[in-house]
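Numbering (the working numbering), first residue to last: 4 to 134.
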């Protein structure tokens with residue numbers, strides 16, 4: 004996985020240069036074929052991005068930034084923020100743990116608790132309706 008990211012990092016400057024060159028060719032060449040190709044690419048690339056994002060959703064990153072072990076866990080089972088490393092003890096109280104919580108199960112009780120509400124018999128009881 005890291006080799007792929009490193010390769011991508013090396014390819015990005017070349018892709019940027021290619022984009023500039025295509026723009027120059029489009030302006031200097033004046034060909035409507037280039038314009039059509041670029042316009043088609045501008046339609047296909049965003050649609051492809053949405054399709055890939057839908058088919059391959061984000062996964063929680065469990066690698067600790069301090070020690071590199073796959074040992075990150077939520078600070079509290081009742082919160083969606085705060086991370087700690089089970090291997091080295093590293094902790095970040097402000098880091099988002101939303102994806103970790105989402106992988107571990109339903110988030111309804113956490114979200115309702117953060118909003119100060121409770122769930123009873125199929126409906127949500129808000130503080131205003133408690134009287």
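C-beta: ideal position from N, C-alpha, C; glycine also.
Distance between residue j and residue i (C-alpha atoms, nearest Å)
i           : j           : result
residue 57  : residue 63  : 16 Å
residue 35  : residue 84  : 52 Å
residue 43  : residue 19  : 18 Å
residue 101 : residue 60  : 14 Å
residue 5   : residue 17  : 20 Å
residue 31  : residue 45  : 20 Å
residue 9   : residue 106 : 27 Å
residue 87  : residue 12  : 29 Å
residue 37  : residue 115 : 54 Å
Test: residue i CB closer than 8 Å to a CB of chain C
i          : result
residue 50 : Structure shown: chain C not included; a single protein chain is present.
Presumed contact (8 Å Cβ cut-off) between residue i and residue j, rounded CB distance
i          : j           : result
residue 96 : residue 118 : So it is not a contact: roughly 20 Å between Cβ atoms.
residue 25 : residue 41  : 7 Å
residue 90 : residue 70  : 6 Å
Among the options, nearest to residue i - alpha-carbon criterion
i           : options           : result
residue 104 : 27, 5, 65, 39     : 65
residue 68  : 24, 12, 94        : 94
residue 98  : 106, 75, 114, 115 : 75
residue 111 : 88, 92, 80, 89    : 80
residue 73  : 82, 55, 92        : 92
As assigned by DSSP and simplified to three states, the class of residue i
i           : result
residue 106 : helix
residue 99  : strand
residue 62  : coil
residue 85  : strand
residue 42  : helix
residue 94  : strand
Extent of the continuous alpha helix (DSSP H) to which residue i belongs
i           : result
residue 74  : Note, residue 74: premise wrong, no alpha helix (DSSP H); not H, not E.
residue 16  : 5 to 32
residue 116 : 111 to 117
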